[in-house]
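So the sequence shown is numbered by our numbering: it starts at 1 and just counts up by one. Read through the structure below, which is laid out as structure tokens, and then see the notes.
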Amino acid sequence: MSEPPGAAVSLAEAPPPTDAPSRPLAAQRVLPLRRPGRRIATAVVLVLAAQFVHGLVTNPFYQWDRFGYWFLRPTILDGLLVTLEVTAYSAVLGLLGGILLALARLSRSPVLRAVSWIYVWAFRSIPLIVVLLFLYNFSALYKTLSVGVPFGPAFFSFDESKLATDIVIAVVGISLHESAYAAEVVRGGILSVDQGQHEAAAALGLPKGYQFKRIVFPQALRSIIPNYVNQLIGLIKGTSLVFYVSLLDLFGAAQSMGSTYPGDIVPLLMVATVWYLILTSVVSVVQFYVERYYARGATRSLPPTPLQKLRIAITDLRARVRREAAV
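As structure tokens, then:
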């Protein structure tokens with residue numbers, strides 16, 4: 001008896017598909033998903049980068065011979081040392097001031113909270129160049145400074161103009177300015193610590209100072225460090241403003257030599273640019289390792305270092321070449 005039209009055919013009687021693989025699945029080559037947009041974008045970026053490098057190297061306007069002449073000149077290196085000195089002092093003092101301001105902002109005293117808020121509001125509103133110029137002319141407002149009883153006798157006084165050297169003015173001005181920003185960075189890091197950590201420390205009966213030093217602040221550093229290092233990079237570049245208070249830092253030295261040798265202005269600016277790139281790159285490397293250190297216990301595995309990433313990339317490349325050669 002014949003099957004009616006349209007009747008289902010059993011699986012046992014079904015013919016095998018014509019596109020069945022002739023090799024086992026393990027021997028088949030897996031083709032990656034094609035992404036033409038990514039390849040086109042990569043090609044465009046490489047072409048633009050090659051054109052930029054070509055123009056940078058071949059353009060005679062940059063005067064690379066004069067760049068090499070000025071790069072390690074004593075005048076430039078002296079300015080670089082001034083930049084490093086001002087940056088180091090200002091970074092430490094700015095961070096310490098920011099910690100004190102953040103603690104005052106988080107305290108229960110309304111006076112401390114109000115004073116801290118006003119300080120942060122004022123110094124974040126006033127440009128750094130205005131602060132430096134104001135301090136530079138501070139001796140015209142106050143000839144002498146004294147310490148004593150308000151509206152009463154002074155215990156001792158000193159001449160402000162003798163203490164306020166150019167580097168002191170630069171460090172004090174930048175530190176006052178940076179403390180306002182560091183205070184918000186530190187306060188945000190402290191607030192990022194889970195409230196349960198505070199409650200657990202309080203349940204153990206630990207003193208407030210010990211809770212902050214051993215429990216709260218180490219955890220807050222994971223949030224503070226990236227933001228403050230970013231602030232530190234801005235501080236390195238911000239030191240270029242001390243040139244306007246008669247302090248010859250790296251930028252000031254380049255500007256001074258540029259006014260003496262007008263034909264070398266562009267090479268001198270390139271010298272200052274390269275030195276700033278080197279300084280910020282060193283700070284970024286230090287940031288990576290400090291962040292990696294404080295990531296212990298917060299992540300299951302520490303992020304690989306640049307050398308470890310290079311080794312992994314080389315290993316993956318070798319494995320890929322072997323697979324393609326085997327096929």
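Just so you know, even glycine gets a beta-carbon here, dropped at the ideal spot from N, CA and C.
- Close CB contacts of Leu101 within its chain, under the 7 Å cut and outside five residues either way in sequence, are with Ser116, Tyr119, Val120, Ser179, Ala183 (chain order).
- Rounded to whole angstroms, Tyr62 and Leu268 show a C-alpha spacing of 10 Å.
- The beta carbon of Ala88 sits closer than 7 Å to none of the beta carbons in its chain outside the five residues before and after it.
- Taking the C-beta atoms as reference points, Gly94 is found nearer than 7 Å to Ser175.
- For Ile129 against Leu250, the beta-carbon gap comes to about 17 Å, at or over 8 Å, which does not count as contact.
- Shown here for Val193: same chain residues with a beta carbon closer than 6 Å to its own, the five before and five after excluded, namely Val216, Gln219, Ala220 in chain order.
- Inter-segment contact for the region 306–319 and the region 228–243 is absent: fewer than three beta-carbon pairs are separated by less than 8 Å.
- Secondary structure note for Ala164: it is in no alpha helix (DSSP H), with a DSSP letter that is neither H nor E.
- By the criterion of a C-beta distance shorter than 6 Å, Leu279 is surrounded in its chain by Ile236, once the five residues flanking it on both sides are discounted.
- In the three-state DSSP reduction, Val193 falls in the coil class, being neither helix nor strand.
- By the neighbour-count criterion, in which 16 or more other beta carbons inside 10 Å mark a residue as buried, His54 falls on the exposed side.
- Rounded to whole angstroms, Val92 and Arg35 show a C-alpha spacing of 49 Å.
- If you look at Pro127, you'll find it isn't in any alpha helix (DSSP H); DSSP assigns it neither H nor E.
- Contact between the region 202–210 and the region 125–142 is not established, with fewer than three Cβ pairs separated by less than 8 Å.
- Three or more pairs of CB atoms, one per stretch, sit closer than 8 Å, so the region 66–82 contacts the region 247–263.
- Collapsing the DSSP output to three states places Thr305 in coil.
- Val171 is a Cβ neighbour of Val86, given a cutoff of 7 Å.
- Taking 4 residues as the minimum length, the alpha helix (DSSP H) runs contained wholly in the region 200–244 are 208–211, 217–238, in order along the chain.
- Annotation for Phe61: no alpha helix (DSSP H) segment contains it, and DSSP assigns it neither H nor E.
- With fewer than 16 neighbouring CB atoms inside 10 Å of its own CB, Ala325 falls in the exposed class.
- Between Val131 and His198, the CB-CB gap reaches or exceeds 7 Å.
- Within the same chain, Arg113, Ser116, Trp117, Ala183, Arg187 come within 7 Å of Arg105 by CB-CB distance, once the 5 residues on both sides are set aside.
- Val147 and Pro153 have their alpha carbons spaced roughly 9 Å apart.
- Here Ser90 is buried: its Cβ has 16 or more other Cβ atoms, across all protein chains shown, within 10 Å.
- Each residue's CA atom was taken as its position, placing Gly98 and Ile265 some 38 Å apart.
- When DSSP states are grouped into helix, strand and coil, Asp65 belongs to the helix group.
- Per the C-alpha coordinates, the member of Tyr289, Arg214, Tyr294 positioned closest to Ser223 is Tyr294.
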